[in-house]
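2 protein chains.
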Amino acid sequence: MNIRRLSTRDPEFLATLDALLAFDNSTDEAIEKTVAEILASVRKQGDVAVLDYTRRFDKLEAATMAQLELPKDELKAAFDGLPAAQRTALEQAAARVKSYHERQKLESWEYTEADGTRLGQKVTPLDRVGLYVPGGKAAYPSSVLMNAMPAKVAGVRELIMVVPTPRGEKNALVLAAAHLVGVDRVFTIGGAQAVAALAYGTRTIPQVDKIVGPGNAYVASAKRRVFGTVGIDMVAGPSEVLVISDGSGDPEWTAIDLFAQAEHDELAQSILLCPDAGYLDRVAASIEKLLPTMPRKDVIAASIEGRGALIHVTDLDEACVIANRIAPEHLELSVENPRALVDKIRHAGAIFMGHYTSESLGDYCAGPNHVLPTSRSARFSSPLGVYDFQKRSSLIEVSEAGAQALGPIAATLAHGEGLTAHARAAELRLKT
Amino acid sequence: MNIRRLSTRDPEFLATLDALLAFDNSTDEAIEKTVAEILASVRKQGDVAVLDYTRRFDKLEAATMAQLELPKDELKAAFDGLPAAQRTALEQAAARVKSYHERQKLESWEYTEADGTRLGQKVTPLDRVGLYVPGGKAAYPSSVLMNAMPAKVAGVRELIMVVPTPRGEKNALVLAAAHLVGVDRVFTIGGAQAVAALAYGTRTIPQVDKIVGPGNAYVASAKRRVFGTVGIDMVAGPSEVLVISDGSGDPEWTAIDLFAQAEHDELAQSILLCPDAGYLDRVAASIEKLLPTMPRKDVIAASIEGRGALIHVTDLDEACVIANRIAPEHLELSVENPRALVDKIRHAGAIFMGHYTSESLGDYCAGPNHVLPTSRSARFSSPLGVYDFQKRSSLIEVSEAGAQALGPIAATLAHGEGLTAHARAAELRLKT
Numbered sequence: 004m005n006i007r008r009l010s011t012r013d014p015e016f017l018a019t020l021d022a023l024l025a026f027d028n029s030t031d032e033a034i035e036k037t038v039a040e041i042l043a044s045v046r047k048q049g050d051v052a053v054l055d056y057t058r059r060f061d062k063l064e065a066a067t068m069a070q071l072e073l074p075k076d077e078l079k080a081a082f083d084g085l086p087a088a089q090r091t092a093l094e095q096a097a098a099r100v101k102s103y104h105e106r107q108k109l110e111s112w113e114y115t116e117a118d119g120t121r122l123g124q125k126v127t128p129l130d131r132v133g134l135y136v137p138g139g140k141a142a143y144p145s146s147v148l149m150n151a152m153p154a155k156v157a158g159v160r161e162l163i164m165v166v167p168t169p170r171g172e173k174n175a176l177v178l179a180a181a182h183l184v185g186v187d188r189v190f191t192i193g194g195a196q197a198v199a200a201l202a203y204g205t206r207t208i209p210q211v212d213k214i215v216g217p218g219n220a221y222v223a224s225a226k227r228r229v230f231g232t233v234g235i236d237m238v239a240g241p242s243e244v245l246v247i248s249d250g251s252g253d254p255e256w257t258a259i260d261l262f263a264q265a266e267h268d269e270l271a272q273s274i275l276l277c278p279d280a281g282y283l284d285r286v287a288a289s290i291e292k293l294l295p296t297m298p299r300k301d302v303i304a305a306s307i308e309g310r311g312a313l314i315h316v317t318d319l320d321e322a323c324v325i326a327n328r329i330a331p332e333h334l335e336l337s338v339e340n341p342r343a344l345v346d347k348i349r350h351a352g353a354i355f356m357g358h359y360t361s362e363s364l365g366d367y368c369a370g371p372n373h374v375l376p377t378s379r380s381a382r383f384s385s386p387l388g389v390y391d392f393q394k395r396s397s398l399i400e401v402s403e404a405g406a407q408a409l410g411p412i413a414a415t416l417a418h419g420e421g422l423t424a425h426a427r428a429a430e431l432r433l434k435t
Numbered sequence: 004m005n006i007r008r009l010s011t012r013d014p015e016f017l018a019t020l021d022a023l024l025a026f027d028n029s030t031d032e033a034i035e036k037t038v039a040e041i042l043a044s045v046r047k048q049g050d051v052a053v054l055d056y057t058r059r060f061d062k063l064e065a066a067t068m069a070q071l072e073l074p075k076d077e078l079k080a081a082f083d084g085l086p087a088a089q090r091t092a093l094e095q096a097a098a099r100v101k102s103y104h105e106r107q108k109l110e111s112w113e114y115t116e117a118d119g120t121r122l123g124q125k126v127t128p129l130d131r132v133g134l135y136v137p138g139g140k141a142a143y144p145s146s147v148l149m150n151a152m153p154a155k156v157a158g159v160r161e162l163i164m165v166v167p168t169p170r171g172e173k174n175a176l177v178l179a180a181a182h183l184v185g186v187d188r189v190f191t192i193g194g195a196q197a198v199a200a201l202a203y204g205t206r207t208i209p210q211v212d213k214i215v216g217p218g219n220a221y222v223a224s225a226k227r228r229v230f231g232t233v234g235i236d237m238v239a240g241p242s243e244v245l246v247i248s249d250g251s252g253d254p255e256w257t258a259i260d261l262f263a264q265a266e267h268d269e270l271a272q273s274i275l276l277c278p279d280a281g282y283l284d285r286v287a288a289s290i291e292k293l294l295p296t297m298p299r300k301d302v303i304a305a306s307i308e309g310r311g312a313l314i315h316v317t318d319l320d321e322a323c324v325i326a327n328r329i330a331p332e333h334l335e336l337s338v339e340n341p342r343a344l345v346d347k348i349r350h351a352g353a354i355f356m357g358h359y360t361s362e363s364l365g366d367y368c369a370g371p372n373h374v375l376p377t378s379r380s381a382r383f384s385s386p387l388g389v390y391d392f393q394k395r396s397s398l399i400e401v402s403e404a405g406a407q408a409l410g411p412i413a414a415t416l417a418h419g420e421g422l423t424a425h426a427r428a429a430e431l432r433l434k435t
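Heads up: the protein sequence lines correspond to chains L and V, in order.
When the letters of the first sequence are read in order and numbered with my numbering, they come out as residues 4 to 435.
When the letters of the second sequence are read in order and numbered with my numbering, they come out as residues 4 to 435.
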């Protein structure tokens with residue numbers, strides 16, 4: 004395999020790195036047009052439109068939308084029908100994810116000032132959330148768990164899942180995960196029409212307040228377009244891992260960790276930074292040795308040749324500077340002393356510390372969420388969490404004495420902005 | 004004035020209410036096309052394009068982008084030049100806003116499990132934030148304060164403000180507020196070209212990580228389009244107030260509070276809910292009496308006639324149900340005992356409790372932010388806050404013992420999803 008080898012000593016390094024990171028996420032005009040039509044049609048015709056698109060795109064016939072709702076018994080049967088080892092693993096993962104996320108829950112707060120004025124914020128869960136789950140090969144039970152659990156922990160009253168089942172083909176693991184995490188209702192619809200149904204509501208499908216979950220380009224476009232009518236999560240790009248090694252690890256562990264990212268998708272990105280050129284050679288050799296043993300070796304090879312790199316850095320400090328520039332979705336600190344580096348990292352979706360912390364443990368069961376900011380968005384966004392299913396309302400209770408102190412300030416500023424009614428509202432509360 | 008009077012006893016009430024709340028935020032294709040061109044042009048040509056658009060749209064000539072940066076001395080001079088009362092009011096407001104927002108700061112957290120595995124989240128501020136400030140009449144110093152202060156409290160390293168100055172006309176109050184809150188750099192550019200410059204960076208203007216602040220339809224479209232490359236705040240709709248009264252207040256106070264919302268904009272929405280029909284009559288009479296005294300009476304009348312309503316409800320519980328349906332930006336609980344109602348409110352940007360808490364005190368100086376979710380988005384989003392300028396990275400440090408416990412779970416689930424490299428990464432860490 005032809006693995007890209009770079010060095011920070013190369014004067015062209017930063018330009019080469021930026022080109023390697025660049026990812027064209029520009030929108031496709033044909034998709035945009037189709038999605039705009041689907042949204043308008045579902046908004047206007049509701050269930051009828053959704054049934055029609057489901058017939059056309061998913062080759063699934065139904066006379067009424069109610070026929071496309073899965074009974075709860077069917078979810079439970081899917082769970083009960085899993086092999087015991089899978090069922091137990093799913094339960095153990097769910098318990099750990101729940102326990103971690105419970106620590107993220109925001110609480111209301113309030114304080115009282117000397118004059119009796121009380122200020123604070125009230126935190127409430129969202130009422131109803133829609134969870135989009137892709138059909139086909141990208142439908143992962145772990146993803147159902149990771150998207151639904153924070154909503155459940157937040158206290159969301161109703162969680163509605165949509166999952167396309169082309170020609171009626173259902174994914175038992177996905178339904179089992181939905182049962183385990185406590186999804187309230189499931190409709191077997193997908194695409195932009197499912198996003199539209201959740202965003203606007205139809206006679207059968209209630210309007211939600213936020214839509215989360217991964218999807219293809221049509222789903223991503225639909226989510227962007229309904230943003231504002233409902234909340235949405237980030238639109239995800241290809242998955243990425245950045246490994247910082249000090250050369251102390253087992254090169255096979257590092258090679259496999261790069262593979263684990265690469266096997267997702269040919270556009271996935273796996274990059275290794277190390278100050279030890281000999282270690283980079285050993286990882287390259289392990290990659291060559293282990294690749295033939297991987298069932299998804301073609302995807303892995305395409306991903307690593309197309310978007311991967313082994314980068315020789317001068318030292319670990321420089322590796323951290325590069326990590327902050329990349330702001331990776333996953334960052335492995337595969338070093339003897341990860342705590343010495345972690346304070347230097349400002350931007351990363353998740354930081355995996357030490358040789359035993361493979362990214363795959365985090366994907367499934369360590370506890371933290373696997374829905375993470377991609378494509379450098381860790382510069383400004385966070386892992387999916389309970390806080391994404393809670394919102395705040397400011398609380399303001401000004402006492403009579405407080406109104407005397409604040410009124411003149413507000414009135415002065417309001418007059419300065421030419422907003423007389425604002426000023427008068429403050430002045431009316433002043434004792435004369 | 005012709006004020007809409009509604010009653011929840013009317014069988015058509017909910018349909019009438021929904022029609023009144025409806026606000027067409029559909030995008031204008033001509034604006035979309037122009038904005039797409041501006042973004043592409045700035046992305047490609049940088050400073051040259053921004054200078055060109057500034058010349059065309061703002062009638063402002065400059066040979067270089069450096070000439071469009073305001074020196075810090077000029078901000079300070081604007082502040083020093085304010086009348087003493089305004090300067091003091093601005094300082095007092097800033098101090099209160101700062102004090103309130105300091106309580107919003109998120110902290111990193113971590114915990115250790117029995118087998119030594121450590122899990123948590125690390126919280127860091129954004130590196131660099133762009134603040135859009137509109138030119139002309141909608142440029143408010145209070146808005147500079149409210150947008151910039153949470154970023155400063157979060158610890159954002161560099162805060163870059165853009166503000167168009169058509170034909171070179173500057174707003175001294177805005178510059179003074181920028182000085183007071185500690186904005187780092189100010190460029191006198193605006194429109195979609197300013198958003199593009201901040202999102203992509205140019206030779207002179209550094210790329211930011213998030214863009215906040217209000218703007219016209221071009222700015223809103225540009226922000227939506229660069230979302231993902233950078234973070235953005237919510238795109239705001241017209242401002243709204245919902246007042247719940249038990250009939251115990253002074254009808255003139257209520258009338259003026261409705262005016263304060265209405266004076267913003269003809270599309271602003273002011274609605275009063277009250278179970279006491281006589282009180283609604285008294286508020287209507289106060290509106291007629293006080294309207295002629297308002298400098299912005301034409302805007303107020305247009306707003307109240309077009310989008311306002313006095314609504315007779317059966318009781319305060321019903322008023323809370325309607326409030327949750329509206330999910331208003333501003334909610335005034337103008338009642339004797341607001342604490343009895345506040346627990347019933349699930350969706351509101353800010354809740355103003357008691358007769359002395361006019362919304363205008365909150366706009367300027369009570370402490371909480373005045374950037375609030377509009378157009379029913381309080382169902383899923385929050386006031387602008389320090390948390391909007393911080394982000395989280397998951398921390399995962401699995402011990403050797405932890406890897407033995409977690410490895411089999413991860414491997415089982417990974418095999419179930421057909422991701423062999425994920426499974427192998429977990430299995431390699433198992434002791435044999």
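For every residue, glycine included, the Cβ atom is placed at its ideal position computed from N, Cα and C.
Predicted model, so just to flag it, every value in this text is computed and none were measured.
Member of the options whose CA lies at the smallest distance from the CA of residue i
i: L:ASP130; options: L:ILE163, L:LEU71, L:ARG379 and L:VAL324; result: L:ILE163
i: V:ALA280; options: V:ASN5, V:ARG12 and V:LEU63; result: V:ARG12
i: V:GLY352; options: V:GLY309, V:LYS108, V:PHE392 and V:GLU243; result: V:GLU243
i: V:VAL233; options: V:LYS213, V:PRO217 and V:ALA225; result: V:LYS213
i: V:ASN372; options: V:GLU161, V:ALA88 and V:SER385; result: V:SER385
Spatial distance of residue i from residue j (CA atoms)
i: V:ARG342; j: V:ALA322; result: 15 Å
i: V:THR415; j: L:ALA39; result: 41 Å
i: L:SER111; j: L:ALA426; result: 31 Å
i: V:LEU71; j: V:LEU93; result: 26 Å
i: V:LEU183; j: V:VAL189; result: 13 Å
i: V:ALA424; j: L:LEU245; result: 16 Å
i: V:ARG59; j: V:ARG206; result: 21 Å
i: L:PRO295; j: L:GLU255; result: 14 Å
i: V:TYR282; j: V:HIS358; result: 15 Å
i: L:THR37; j: V:ILE208; result: 37 Å
Pair within 8 Å by beta-carbon distance, residue i and residue j
i: L:LEU176; j: L:ASN150; result: no
i: L:SER248; j: L:LEU261; result: no
i: L:ARG299; j: L:GLU335; result: no
i: L:PRO169; j: L:PHE26; result: no
i: L:PHE355; j: L:GLY365; result: yes
i: V:VAL45; j: V:ALA223; result: no
i: L:VAL156; j: L:GLU105; result: yes
i: V:LYS77; j: V:LEU178; result: In the sequence as presented, Lys is not what sits at residue 77 of chain V; that position holds Glu. The answer is yes: Cβ separation under 8 Å.
i: V:SER397; j: V:GLN95; result: no
i: L:TYR56; j: L:GLN210; result: no
i: L:ALA142; j: L:VAL166; result: yes
i: V:LEU109; j: V:VAL126; result: yes
i: L:GLY405; j: L:ASP118; result: yes
Same chain, Cβ closer than 7 Å to residue i, neighbours up to 5 away in sequence not counted
i: L:GLN407; result: LEU433 and LYS434
i: V:ALA312; result: ARG7, LEU9, LEU23 and ILE274
i: V:GLU339; result: ASP249 and SER251
i: L:VAL286; result: PRO254, THR257, ALA258, LEU275 and LEU313
i: L:LYS226; result: VAL198, ILE214, ILE235 and VAL238
Same chain, Cβ closer than 6 Å to residue i, five either side skipped, listed in chain order
i: V:VAL159; result: PRO128, LEU129, VAL132 and PHE392
Contacts around residue i, its chain only, beta-carbon distance under 8 Å, and the 5 residues preceding and following it disregarded
i: L:ALA98; result: none
i: V:GLU308; result: MET4, ASN5, ILE6 and ARG7
Minimum length 4: unbroken alpha helix (DSSP H) runs contained in the segment 37 to 92 of chain V = Whole alpha helix (DSSP H) segments, 4+ residues: 50 to 61 and 75 to 83.
Runs of beta strand (DSSP E) wholly within the segment 272 to 356 of chain L (minimum 3 residues, chain order) = If we require 3 residues or more, the beta strand (DSSP E) runs fully inside the segment 272 to 356 of chain L come out as 272 to 277, 312 to 315, 333 to 337 and 353 to 356.
Enumerated in chain order, which unbroken segments of the alpha helix (DSSP H) with a length of 4 residues or greater are wholly contained in the segment 163 to 248 of chain V?
-> Runs of the alpha helix (DSSP H) inside the segment 163 to 248 of chain V: 175 to 184, 194 to 203 and 220 to 229.
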